[in-house]
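As structure tokens, the structure follows; a few thoughts come after it.
In the working numbering, the protein residues as written are 120 to 198.
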């Protein structure tokens, strides 16, 4: 398994936990902030929150998108 796939799986697990927390208390910003600190990304937190709450994407797809954004953010901010 590649490092990217392992990271994507970890992100998928973290998104699953975040989704559960958001369903319990959608107004609590801390779980989303913690994910953003762990995996900085370019999209808005509100967009990710909406996708998770509304089940707009399966978690495997969403974690792949998050991985791509995370890689892009890292490349952009490495300079």
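We treat Cβ as the ideally placed atom computed from N, Cα and C, and that holds for glycine. Quantities reported herein were computed from a predicted structural model and do not represent experimental measurements.
What number of angstroms, rounded off, separates the C-alpha of residue 177 from the C-alpha of residue 134? Take the alpha-carbon of residue 177 and the one of residue 134: they are about 10 Å apart.
Following the continuous alpha helix (DSSP H) through residue 161, name the residue where it begins and the one where it ends. Here residue 161 belongs to no alpha helix (DSSP H), and DSSP marks it neither H nor E.
Secondary structure, alpha helix (DSSP H): runs of 4+ residues fully inside the stretch 130-183: You should have 149-157 and 164-172.
Cβ-based burial, residue 127 [other Cβ within 10 Å; buried from 16]: Buried: at least 16 other Cβ atoms inside 10 Å.
I'd like to check one pair, residue 149 with residue 137: are the Cβ atoms closer than 8 Å? Between residue 137 and residue 149, the gap from beta carbon to beta carbon reaches 8 Å or more.
When 144, 164 and 183 are compared against residue 152, the one with the closest alpha-carbon: Of the listed residues, the one whose Cα sits closest to residue 152 is 164.
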